[in-house]
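Accompanying notes for the structure given below.
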Amino acid sequence: MSKITNIAIAGVGGQGIILASDIAAQAALRAGHDVKKNEVHGMAQRGGAVVSEIRYGKRIYSPLIPDGEVDVLMALEMLEGLRHAHRVRVGGLLIADDLRLPPAVRLPDAPGYPEDVGERLRGIAENVVVVPAAELARRAGNARAANTVLIGVLSRHVDLPVDAWRSALTTCLRPSLLEVNLRAFALGRRRRKPAAKR
Numbered sequence: 002m003s004k005i006t007n008i009a010i011a012g013v014g015g016q017g018i019i020l021a022s023d024i025a026a027q028a029a030l031r032a033g034h035d036v037k038k039n040e041v042h043g044m045a046q047r048g049g050a051v052v053s054e055i056r057y058g059k060r061i062y063s064p065l066i067p068d069g070e071v072d073v074l075m076a077l078e079m080l081e082g083l084r085h086a087h088r089v090r091v092g093g094l095l096i097a098d099d100l101r102l103p104p105a106v107r108l109p110d111a112p113g114y115p116e117d118v119g120e121r122l123r124g125i126a127e128n129v130v131v132v133p134a135a136e137l138a139r140r141a142g143n144a145r146a147a148n149t150v151l152i153g154v155l156s157r158h159v160d161l162p163v164d165a166w167r168s169a170l171t172t173c174l175r176p177s178l179l180e181v182n183l184r185a186f187a188l189g190r191r192r193r194k195p196a197a198k199r
């Protein structure tokens, strides 16, 4: 990856996008990097589009990531992954939960949820990892920890030590939620890296 690492996290309100971005930013801070973070919330707190960006490196001056410069896009929902896939740099990575949430509000003549969303993702991004995050989170003990499963996958693909991630989880989560989230993180870390497109 480049000297500055750019991570974008996208999904819908209520999925834990802001928490996931807080964990990623804390992990980078604990690894000794300068970090900048921002987020954009959709019209509705629950169900609206949310995207958060984290940039870290030796010195960061802006939290904004230009289109085409995202090193890793982590999408907590397939369609949100498709909406932001164009932002991933050549050779970058798109990590997506296999969750499909139809939009909360849809105009009568608007197209339905695309059946081929996974194929479309693979057609845009060079490297794609699709993860059954909710299933893995349930296995860890709480389906709401799907965001932490994806953080575990993310941790395999960026240059931050695993201890920094575990420390960030301890800092950002309530003690009552820590054990299940550490299990979810570990399950995410076990996911294999993608094969590059030929």
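Mind the numbering: the sequence shown is residues 2 to 199 in this note's numbering, read in order.
In this text, a Cβ means the ideal position worked out from N, Cα and C, and glycines have one as well.
Given the structure is predicted, the values throughout are model-derived calculations rather than measurements.
Given a cut-off of 7 Å, decide if residue j and residue i are closer than it, judged by their beta-carbon atoms.
i    : j    : result
G189 : V163 : no
H87  : A11  : no
V36  : H158 : no
A26  : W166 : no
Y57  : H34  : yes
M75  : V118 : no
V181 : A141 : yes
L1   : N128 : Given that the chain is displayed from residue 2 to residue 199, the structure contains no residue 1 and the question cannot be resolved.
V52  : D99  : no
Let's see if you can read the secondary structure: which residues bound the alpha helix (DSSP H) around residue i?
i    : result
V154 : A147 to S156
G119 : V118 to I125
R31  : I18 to R31
My assumption, with CB atoms under 8 Å, is that residue i sits in contact with residue j. Please give the rounded CB distance.
i    : j    : result
E81  : I66  : No, E81 and I66 are not in contact; Cβ-Cβ is about 16 Å, not under 8 Å.
C173 : I19  : 10 Å between Cβ atoms; not a contact.
L83  : L122 : 6 Å
Note the first and the last residue of the continuous beta strand (DSSP E) segment covering residue i.
i    : result
I10  : T6 to V13
N128 : N128 to V132
S63  : Run containing S63: none; DSSP gives neither H nor E here.
R56  : A50 to G58
L74  : V71 to A76
Put residue i into one of helix, strand or coil per three-state DSSP.
i    : result
A111 : coil
R90  : strand
A97  : strand
D160 : coil
N39  : strand
R167 : helix
P103 : coil
R175 : coil
H85  : helix
G189 : helix
N143 : coil
L183 : helix
R199 : Here the model assigns R199 a pLDDT of 42, short of 50, so the residue's position is not dependable, and the following value carries that caveat. It is coil, neither helix nor strand.
Q) Are the segment 2-18 and the segment 129-138 in contact at 8 Å, needing three or more beta carbon pairs? A) no
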